[in-house]
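Remarks on the structure that follows.
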Amino acid sequence: MSRPLSHEQQLELYYYMQLNRQLEDRMVRLFRQNKIVGGLYSSLGQEAVSVGTAYALEKRDWLAPMIRNIGALLVKGFKPRDIFTQHMAKYTSPTFGKDGTSHFGDLKVRRTVSPISMLGDLIPVMTGVAMAGRYLGQNIVTLTWIGDGGSSTGAFHEGLNFAATQRAPFVLILENNQWAYSTPVSQQVPLKNLADRARAYGIASKSVDGNDVLAVYGATKEAVDDCRAGNGPVLIEVKTHRMKGHAQHDRAEYVPKAMFDHWKVRDPIALYEKYLTEHKIWDAREKSEIDARIDRELDEEQKFAEESPLPPPELAEGGVYCDGCHTIDADWRRPKEEVMPPKSSIEAVWAVKGFGGLESESKEEQEAEIPGSKVVAAGANGGKRPASPPAPKVQEKAVATMPPATGNGPDANEAAAPRVPFGRGPKDQSFVRETREARETRGGRGRGKGRRH
Amino acid sequence: MATVTMLEAIRQALFEEMETDPSVVALGEDIGVYGGAFKVTEGLLAKFGRERVIDTPISETAIVGAACGMSYLGLRPVAEMQFIDFIACCFNQVTNFLAKSHYRWGAPVPVVLRGPSGGGVHGGPFHSANPEMYFVHTPGLKVVYPSTAYDAKGLLKSAIRDNNPVLFFEHKFLYRRIKEDIPADDYSVPLGKAAIRREGRDLTIISYAAMVHTSLEAAEKLAKEGIDAEVIDLRTLLPLDREAILKSVKKTNKLLIVHEDTRTGGIAGEIAAIVCEGAFEDLDGPILRVTALDTPVPYAPPLEERFLPNTEKVVAAAHELAKY
Chain A
660 MSRPLSHEQQ LELYYYMQLN RQLEDRMVRL FRQNKIVGGL YSSLGQEAVS
710 VGTAYALEKR DWLAPMIRNI GALLVKGFKP RDIFTQHMAK YTSPTFGKDG
760 TSHFGDLKVR RTVSPISMLG DLIPVMTGVA MAGRYLGQNI VTLTWIGDGG
810 SSTGAFHEGL NFAATQRAPF VLILENNQWA YSTPVSQQVP LKNLADRARA
860 YGIASKSVDG NDVLAVYGAT KEAVDDCRAG NGPVLIEVKT HRMKGHAQHD
910 RAEYVPKAMF DHWKVRDPIA LYEKYLTEHK IWDAREKSEI DARIDRELDE
960 EQKFAEESPL PPPELAEGGV YCDGCHTIDA DWRRPKEEVM PPKSSIEAVW
1010 AVKGFGGLES ESKEEQEAEI PGSKVVAAGA NGGKRPASPP APKVQEKAVA
1060 TMPPATGNGP DANEAAAPRV PFGRGPKDQS FVRETREARE TRGGRGRGKG
1110 RRH
Chain B
2 MATVTMLEAI RQALFEEMET DPSVVALGED IGVYGGAFKV TEGLLAKFGR
52 ERVIDTPISE TAIVGAACGM SYLGLRPVAE MQFIDFIACC FNQVTNFLAK
102 SHYRWGAPVP VVLRGPSGGG VHGGPFHSAN PEMYFVHTPG LKVVYPSTAY
152 DAKGLLKSAI RDNNPVLFFE HKFLYRRIKE DIPADDYSVP LGKAAIRREG
202 RDLTIISYAA MVHTSLEAAE KLAKEGIDAE VIDLRTLLPL DREAILKSVK
252 KTNKLLIVHE DTRTGGIAGE IAAIVCEGAF EDLDGPILRV TALDTPVPYA
302 PPLEERFLPN TEKVVAAAHE LAKY
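Sequence order for the protein chains is A and B. Numbered by the numbering used here, the letters in the first sequence go through residues 660 to 1112 in order. Numbered by the numbering used here, the letters in the second sequence go through residues 2 to 325 in order.
As structure tokens, then:
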């Protein structure tokens, strides 16, 4: 069990959630004033997800946000001005105006990977970050989010399956906000709990209330600790609700009003305020101090963004390649000798456990494990590699089925039809000519006359 | 000096880079215990261990995505596509994640994606492709396609040491067919520089990969007829060596481009545009091209033979140019 949060930490959770909401609220106003260059995506009602999950990470850990994870970026140490300027395409933004929204990152200090718009692709990428961290002995955990809709992409499957086979220290937050643009989750995934997707990969998972920031934090903290101990990836489904449309242009009229009403009383910030008051963690003065601080900070940050210039046009031309503007330096936290010959050299053979049949393991199968082949790349993260979970018992006996003797064979007429190469046919003049010539050379016996191809 | 095949030269480059730099790791399907479908990575696992030589699931998107993530922490992953045709499965990762990373947010991606490519071995529509132009059209990538053992080793070393995502095409027809003496000591061949394989003054033949050898054969036949062809090997398709192209055309005044890739949208079109922009006045005839047909790569030997360029087709095109 992780240590309980301190007084300051509990207030900090409120600060970040409220900062997240007020920041986005201001951006809606900027959007209406035509000061936001592209689209604006709201995380209203989902603040507990971004803040509660990111808060469970340590400074050395890595995250990669999705479009509705501005709160996570704030927790990771980015400033509201980074978010404002990104959306306003300003030269002072982290990407200098080359990309917008939450599409930015920081490899050196805040250890954040920029997302792309295609969903699911961060999962293999963050798996790679986790694997590299383990290889370098950094003892880090990586985390990213995916939506209910994005969990149907091929990249989601490939990434999570690879993370599972590698037992990578990687936490995936499946942010189930009930809607993939306009399509309800029931139309995308035939599962009640999306956490069940994890069963297909043999990894740990759980579902939690995404509007309860303490529950989100607790579940994530436990997963992060588990990962750091070397127990492999974890999938956490957080159940929440998107309280606005896909983006500003979308009025979300497809969402039943009763559904909005249901979730409105579960507003994550209101719930947490109530918790803090009922448990006497804060008083009215502390709350108003935090609120005033947020206002003050956002005033300043917004002013900075609004007064910032757009990028100079010639900036468009540069930076496609790294021609020495960056140095590539891995931060080694273990002796390099461990991964260099002769220390790294092994007997290159497979350890095969079981022969894969339906029957339980025979004596030969148990003895088939090849000695000297148990070198696995899991130790560097400080944790022991645990035994694989037992395979589920399969009850059914395989029944060999043979196709019925009749009914599916080619019918006689079909078999006799001439086989014409694709792209050739009656409309192909050269084919018509060749057919005619062939007929004539055969002495005009008329074979194939009138036949349609 | 030792005589090695192109495959062995590539293998040496991998071994040597992994020996000198612990941040170089390899991943791909069947590259470890089995040593790769063509045995390019044979022995790599035994020497460098499972942390550095990673057998992956059949998941091209995961392979390339994970390689990208590893590179963000300062590693230099070399990912293998079992056949380069399968790069289509991870097109999104390559073109949207890796290629745009540095431009969008200043994150360099020192990743090499390498794999066997090209036809002439009766591999059929899915094991013979030359998909280089999808990627030559993608800013942020580098595309390398060597034709000799010496270059393959030197270019792969440069690709691994480069700070950008590099696609490294290995023509499987050449893997074991060409042999060359290569130096035992460390050397590299710079990316983005073409090579003159044969000096000539009557016409320029620009080519790359297996077609360089076809072009050289054609040049020898033409020489017997008194036509003196210069043969340029591009070696790197992105960035393209514009200078070398223009210099040669300005010297010979005639240009023939030969590639094994299909015709429409092949690099011949781009080279023709470069020459029209930079050496139009120097041209004494039309820019001609000998390419594969605009079809998938067919399987049956006579069909594939029809599909591919060959020495006769190159000689015929050169005769056409000689009329001007």
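Glycine included, each C-beta is placed from N, C-alpha and C at the ideal position.
message: The alpha helix (DSSP H) that contains K154/B, what's its start and end?
response: 150-162
query: Nearest to R243/B by CA position, among E305/B, E181/B, I272/B, T253/B, is which residue?
result: I272/B
Interface flag, K735/A vs chain B, CB-CB below 7 Å: no
query: Are the C-beta atoms of Y73/B and some chain A residue less than 7 Å apart?
result: yes
- prompt: How big is the Cα-Cα spacing for K1008/A and I832/A?
  reply: According to the sequence displayed, residue 1008/A carries Val and not Lys. Roughly 36 Å separates the two Cα atoms.
query: If you compare alpha carbons, which of G698/A, S864/A, T760/A, Y860/A is closest to P724/A?
result: T760/A
task: Could you check the C-alpha separation between I288/B and I258/B for me, to the nearest Å?
output: 8 Å
message: Using only CA atoms, which one of D283/B, P111/B, D285/B, L8/B lies nearest to C981/A?
response: P111/B
task: Say whether chain A places a C-beta atom closer than 7 Å to the C-beta of T62/B.
output: yes
field: Bridge-paired residues (DSSP) for V26/B
entry: P78/B
query: So what's E667/A in DSSP terms, helix, strand or just coil?
result: DSSP places E667/A within a helical segment (H, G or I) once states are collapsed to three.
field: Member of V5/B, H103/B, V25/B whose CA lies at the smallest distance from the CA of A975/A
entry: H103/B
query: Are A219/B and T312/B close, meaning C-beta to C-beta below 7 Å?
result: yes
query: Which residues share a DSSP beta bridge with W721/A?
result: Residue pairing by DSSP puts W721/A in a beta bridge opposite T801/A.
query: For F308/B and chain A, any beta-carbon pair shorter than 7 Å?
result: no
task: Kindly confirm or deny that the segment 200-207 of chain B and the segment 157-165 of chain B touch, where touching means at least three C-beta pairs closer than 8 Å.
output: no
message: Residues of chain A with CB closer than 7 Å to the CB of S24/B, please, in chain order.
response: Within chain A, the residues near S24/B are A989.
query: Hey, how far is the Cα of D1180/A from the Cα of K898/A?
result: Residue 1180/A falls outside the range modelled here, since chain A spans only 660 to 1112, and no answer is possible.
- request: Just grab the DSSP bridge partners of I207/B for me.
  value: I233/B, I258/B
field: Cross-strand partners of A196/B (DSSP beta bridge)
entry: D234/B
query: Considering only C-alpha positions, which residue in the set Y300/B, I183/B, A3/B, G36/B is nearest to H128/B?
result: Y300/B
query: Below 7 Å between beta carbons: does that hold for S866/A and A874/A?
result: no
- prompt: Are R105/B and T754/A close, meaning C-beta to C-beta below 7 Å?
  reply: Yes, the pair counts as a contact, with Cβ atoms nearer than the cut-off.
query: In this structure, does DSSP put T1100/A in helix, strand or coil?
result: helix
field: Within-7 Å CB hit, R105/B to chain A
entry: yes
- prompt: Which residues in the same chain have their Cβ closer than 7 Å to the Cβ of Q961/A, if we skip the five residues on either side of it in sequence?
  reply: Hits under 7 Å: R685, F743.
message: What would DSSP say about F281/B, mapped onto helix, strand or coil?
response: helix
Whether N254/B touches D234/B by CB criterion (7 Å): no
task: Tell me, please, which residues DSSP counts as bridged to G116/B.
output: F170/B
Continuous alpha helix (DSSP H) stretch holding D884/A: start and end: 872-887
message: DSSP three-state label for S845/A, please.
response: The answer is helix: DSSP assigns S845/A an H, G or I state.
- request: Identify which residue in G116/B, G120/B, F174/B has its Cα closest to the Cα of P297/B.
  value: G120/B
message: Quick check on A14/B - is its C-beta less than 7 Å from some C-beta in chain A?
response: no
- prompt: Does DSSP put F829/A in a helix, in a strand, or in coil?
  reply: strand
- prompt: Can you tell me whether Q692/A is buried or exposed, with buried defined as 16 or more other CB within 10 angstroms of its CB?
  reply: exposed
- request: Please state if the CB of A68/B and the CB of L766/A are separated by a distance shorter than 7 Å.
  value: no
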